[in-house]
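Input: a single structure, listed below in structure tokens.
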Amino acid sequence: MRASNCIPNNFTIPMVVSSSAELLDLEHGKCVHSLGLKLCLFEGNTAVGSSFVYMYSKSGKMKDACRVFDEMTMRDVVAWTALVVGYVQNDENEMGLSCFCEMHRIGENPNFRTIEGGLQACGNMAYILSGRCLHGYALKTGNGDSQFVRSSLLLMYSKCESIKENYLAFCELPYKDRISWTVIIGVYARSGYISECLQLFWEMQGFGIDPDAIVMSCMLACFGNVGRVYESKAFHGQILRRNYEYNKMVTNSLLSMYCKCDCLDHAEKLFGELHERDTESWNCMISGYSRMGLVTKCIEKFREMQYEGIESDTSSIAVVISSCSRIAALHLGRSVHCHVIKSKTEKSISITNSLLGMYGRFRNLATAEKIFCREHKDIVTWNTIMSAYTNNGLYIEALGLFDQMVLGELKPNSVTMVIILSACSHLADLYHGERVHTYIKSICLKCDLSVSTGLIDMYVKCGQLRAAREIFDSILNRDVVLWNVMISGYGIHGDAKSAVEIFQQMEASDVRPNGLSFLAVLSACNHSGLVEEGKYLFSRMRDYFVVPTLKHYACMVDLLGRSGNLHDAEAMVRSMPITPDGGMWGALLGACKIHNDVEMGERIAKQAIESDPENDGYYIILSNLYNSVGKWEEAEMVRQLMKTKGVKKRAGWSIV
27 MRASNCIPNN FTIPMVVSSS AELLDLEHGK CVHSLGLKLC LFEGNTAVGS
77 SFVYMYSKSG KMKDACRVFD EMTMRDVVAW TALVVGYVQN DENEMGLSCF
127 CEMHRIGENP NFRTIEGGLQ ACGNMAYILS GRCLHGYALK TGNGDSQFVR
177 SSLLLMYSKC ESIKENYLAF CELPYKDRIS WTVIIGVYAR SGYISECLQL
227 FWEMQGFGID PDAIVMSCML ACFGNVGRVY ESKAFHGQIL RRNYEYNKMV
277 TNSLLSMYCK CDCLDHAEKL FGELHERDTE SWNCMISGYS RMGLVTKCIE
327 KFREMQYEGI ESDTSSIAVV ISSCSRIAAL HLGRSVHCHV IKSKTEKSIS
377 ITNSLLGMYG RFRNLATAEK IFCREHKDIV TWNTIMSAYT NNGLYIEALG
427 LFDQMVLGEL KPNSVTMVII LSACSHLADL YHGERVHTYI KSICLKCDLS
477 VSTGLIDMYV KCGQLRAARE IFDSILNRDV VLWNVMISGY GIHGDAKSAV
527 EIFQQMEASD VRPNGLSFLA VLSACNHSGL VEEGKYLFSR MRDYFVVPTL
577 KHYACMVDLL GRSGNLHDAE AMVRSMPITP DGGMWGALLG ACKIHNDVEM
627 GERIAKQAIE SDPENDGYYI ILSNLYNSVG KWEEAEMVRQ LMKTKGVKKR
677 AGWSIV
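The sequence shown runs 27 to 682 under this note's numbering.
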């Protein structure tokens, strides 16, 4: 056309530009852009401008797309839609949603394509409330009947993990293709609803749609997520009957499923039978061993992977680093770190976070700080280094890092706040704790249960029981951890009656107490000498099928012993199903000293010394018991026995 000296018009240009966009031929598109400007085809014509907005956004050049859009004197729904969809396709979802809102604000009516782009942005960011608003707008404007909008609604609700709304959107689809079935099955699979997944799986086939490899993988993921071994093996038979055993995606999903179901023997057998093993296959086995606590096998499998010439990715390396951390293998961890540098994967945020966690656990904070100072950081990076500081007792340094984080662009999440509240608790720093509480309110995290639990614990440790109780009373849906913290708080401050009352309220709220709940309330009774209440609560453990541990028995023995029920305490120690340790005998020996019961004291001291012959405390308590009743010779004999056995009295010390 150009060779024939024919001049393109405002109908020709958009068609050519659209072709350039589809071919991703940006250079040709720029030439056409220059020609359009030269021929003044942009003036008074929206089609030309819209086509260039589409082309630049399709090529990932959003700045150029915005420039063209801003220079347009007239803009119609097509231009706005091209910009909205462009932002979303280039993963600038926030900008895409803002653009949609601005379009609506100035009175331009979005069409079904614009709504589709807005819904996609909401799904990508998991903005469920904005997605619901767009859903309502689509229905109000009559765009809700569009197949494109309905499909977008299905995808949006699936990404937001809203199962009920996702299922309703699925039911409203006039035509359900394989993608629709895959989306709905995937949502239920991720949430572990195995019965619903199976029902949809059979319904799908009832409509004449055969499941593909993606659907089979979703089903396997569901079985793995809930750990249902029998159903997993049965579904394996379905895969064999459908000849999917050679599909890489399906076989890797099978491996992952067996590893999640703790069936490593089946996973190993399947792995050994694979004709072709890719990186994901190896990763499944490495993660499986790590998950089961078989850290040595995990590291061996990683070495085997390197020997086979399979290139490890960030996923497998991160798992191996975590495994080295778990077995405190510093030398091996450093070797993996060298491998990271050699393979040039140190810029990966997931690996950075794993290395931070490892060096933090090894108390090598100097190396951890060097890694943290790298350019790439996410919220997990900040949380990991702050956690390393708090775990190593550097609470003030953790608070300093938190201040840096707040001043930066990254917004703290609930995990951040729990870590910082823990630092304030250990320091009993009410000033910083109250500042953190104010900040939590400002970023609307006060409704998060883990954050609320951290706040209550902080106020308890700072001696502010009233503030802790106010937060506790403001929470409607309390879990067992929250109840335990409040019970423990009253116990620490010697208010056993309130601790027992909270425990009773917990029972009345249909929250099932666990072992820690009983330990907290029994400790409270012990500190305040509530013998009858302690006995009753200890007997209640059977009602909840909670098996008493050594700590529960120690509480009861100490409670009975301090209150003078020495024979009951001894009877409990001798009848309990757990072998008592030196600490248990020592607590009972201390009670004998309090009540000057020499006969029982001698008997218990013998048991205590046999349990822990190097503990100087038992000799000293027995010696003091003899002294308190005037048996000076026996007291001296105990002192001589200490010398004979080479047991030395440890000197006291203070950090003050």
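Where a beta carbon is used, it is the ideal one built from N, C-alpha and C, also for glycine.
For Gly-218, no alpha helix (DSSP H) run applies, since DSSP gives it neither H nor E.
The Cβ-Cβ distance between Ile-240 and Thr-277 does not fall below 8 Å. Counting only residues of its own chain and dropping the five nearest sequence neighbours on each side, Leu-592 has a CB closer than 8 Å to the CB of Leu-586, Leu-614, Ala-617, Cys-618, His-621, Asp-623, Met-626. Taking the C-beta atoms as reference points, Tyr-385 is found nearer than 8 Å to Ile-397. Taking each of Met-532, Ala-493, Leu-427, Glu-337 in turn and checking the Cα distance to Leu-456, the smallest one comes out for Ala-493. Nearest to Ala-595 by alpha-carbon distance, out of Glu-533, Gly-560, His-519, Phe-571, is Gly-560.
Gly-218 and Met-245 have their C-alpha atoms some 10 Å from each other.
Between the C-alpha atoms of Tyr-415 and Gly-426 there is a straight-line separation of about 10 Å. Taking 8 Å as the cut-off, the beta carbon of Met-311 is found closer than this to the beta carbon of Leu-281.
Bounds of the alpha helix (DSSP H) holding Glu-496 are 491-500.
If you ignore the 5 residues before and after Ser-313, its C-beta comes within less than 7 Å of the C-beta of Cys-285, Val-345, all in its own chain and listed in chain order. CA-to-CA, the gap between Glu-299 and Gly-459 works out to about 57 Å. Within 10 angstroms of the beta-carbon of Val-573 lie fewer than 16 other beta-carbons, which makes it exposed. The Cβ neighbour count for Phe-233, taken over all protein chains shown within 10 Å, is under 16; the residue is labelled exposed.
Taking every protein chain shown into account, the CB of Ser-316 has 16 or more other CB atoms within 10 angstroms, so this residue is buried. The beta carbons of Val-79 and Leu-109 sit closer together than 8 Å.
Rounded to the nearest angstrom, the gap between the Cα atoms of Ala-91 and Tyr-183 is 29 Å. Distance from the CA of Gln-264 to the CA of Asp-171, rounded to the nearest whole angstrom, comes to 37 Å. Taking all protein chains shown into account, Phe-571 has fewer than 16 neighbouring C-beta atoms within 10 Å of its C-beta and is therefore exposed.
8 Å or more divides the Cβ of Ser-307 from the Cβ of Thr-340.
Between the alpha carbons of Cys-488 and Ser-654 lies a gap of roughly 39 Å. Per DSSP, Asn-540 lies in no alpha helix (DSSP H) and is assigned neither H nor E. A residue is called buried when at least 16 other Cβ atoms come within 10 angstroms of its Cβ; Asp-536 does not meet this threshold and is exposed. In the DSSP assignment, Leu-382 falls within the unbroken alpha helix (DSSP H) covering 375-387.
If one requires a minimum length of 4 residues, the alpha helix (DSSP H) runs lying completely within the stretch 630-658 are 642-654, in chain order. When the Cα atoms are used, Pro-237 and Asn-390 turn out to be separated by approximately 51 Å.
According to the DSSP assignment, Ile-312 belongs to the alpha helix (DSSP H) that extends over 305-317. If you ignore the 5 residues before and after Val-599, its C-beta comes within less than 8 Å of the C-beta of Tyr-579, Val-583, Pro-606, Met-610, Trp-611, Leu-614, all in its own chain and listed in chain order. Pairing Thr-670 with Glu-660, the inter-Cα distance amounts to about 15 Å. Inter-residue distance for Ile-646 and Lys-577 is about 24 Å (C-alpha atoms, whole angstroms).
Here the alpha carbons of Arg-538 and Ile-325 stand approximately 40 Å from one another.
Here DSSP, grouped into helix, strand and coil, assigns Phe-249 to helix.
Linking Ala-522 to Tyr-516 through their CA atoms gives a straight-line distance of about 6 Å. Counting along the chain, Lys-295 sits inside the alpha helix (DSSP H) bounded by residues 290-299. Here Glu-142 is buried: its Cβ has 16 or more other Cβ atoms, across all protein chains shown, within 10 Å.
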